[in-house]
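In our numbering, the protein residues as written are 9 to 232.
Ideal Cβ positions, reconstructed from N, Cα and C, are used throughout, including at glycine.
Since the structure comes first, as structure tokens, the remarks are kept for the end.
Okay, structure coming up:
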């Protein structure tokens, strides 16, 4: 460079260059010194760590349950209970061989004999035995109503056979009765005696004539 042409001295130019260089050095130093101080200050400050809990979103509510509509069935009346017939009471009359009838004892007839004579020998007359035909008393079925089963015996489920012995008058009425063989239940025995008292009978006969006579009858109590 030709400083002589510009009209400036070389020493002046050098001084300006040095001044510019020093200015740059000062600027760089200031910058470096200020940044270092800020870094140190930042490092020296306490580090505060804040833990932020993770925010869990709430679970979505469950879907509403579908409403089930209850169907109301119309009330129907219960059918009436089936008709249960009352238990049958069978009345059995004892066979004729078990019937006790009255036995009568009649004296044999006597025959008047003519007085003995010299001409004719005495004849011994033999009396004839009289055979009496006896028939037992028989029940008139239309008058013997079927007795009602005792309520207590139904509850206790009692059953059995009772044999009654009774005296039938010549008019066909029961004038005396007793339990000849019990059914095992006093209630059934009493009911049989009560039913027997309402019966009428065809009286027993001897030689076709009505007579008082004893006979027997069975009442069979059975739950079916």
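Legend entry - Boundaries of the beta strand (DSSP E) in which residue 226 is found, first to last residue: Counting along the chain, the beta strand (DSSP E) containing residue 226 begins and ends at 221–229.
Inset, instruction - Have a look at residue 105 and residue 203 and give me their C-alpha separation to the nearest angstrom. - result: Note on residue 105: pLDDT 37, under 50, position unreliable in the model; the coordinate value appears next. Taking the straight line joining both Cα atoms gives about 24 Å.
Inset, instruction - Please check the pair residue 144 and residue 208, which I expect to be a contact at CB under 8 Å, by giving their CB distance rounded to whole angstroms. - result: At roughly 15 Å, the Cβ-Cβ gap does not stay under 8 Å, so residue 144 and residue 208 are not in contact.
Inset, instruction - Determine the direct distance from the alpha carbon of residue 219 to that of residue 152, and round the result to whole angstroms. - result: 21 Å
Inset, instruction - Please check the pair residue 176 and residue 211, which I expect to be a contact at CB under 8 Å, by giving their CB distance rounded to whole angstroms. - result: 6 Å
Legend entry - Backbone CA spacing between residue 164 and residue 228 [nearest angstrom]: 17 Å
Legend entry - Cβ-Cβ distance between residue 173 and residue 188 below 7 Å: Against a cut-off of 7 Å, the Cβ pair of residue 188 and residue 173 comes out as a contact.
Inset, instruction - Over the uninterrupted beta strand (DSSP E) stretch that includes residue 185, give me the two end residues. - result: 182–189
Legend entry - Presumed contact (8 Å Cβ cut-off) between residue 171 and residue 226, rounded CB distance: Contact flag correct, Cβ pair sits at about 5 Å.
Inset, instruction - Could you please give the first and the last residue of the uninterrupted beta strand (DSSP E) stretch that includes residue 173? - result: Start and end: 168–176.
Legend entry - Separation of residue 232 from residue 191, as counted between CA atoms: 17 Å
Legend entry - Pairwise C-alpha distance: residue 88 and residue 213: 54 Å
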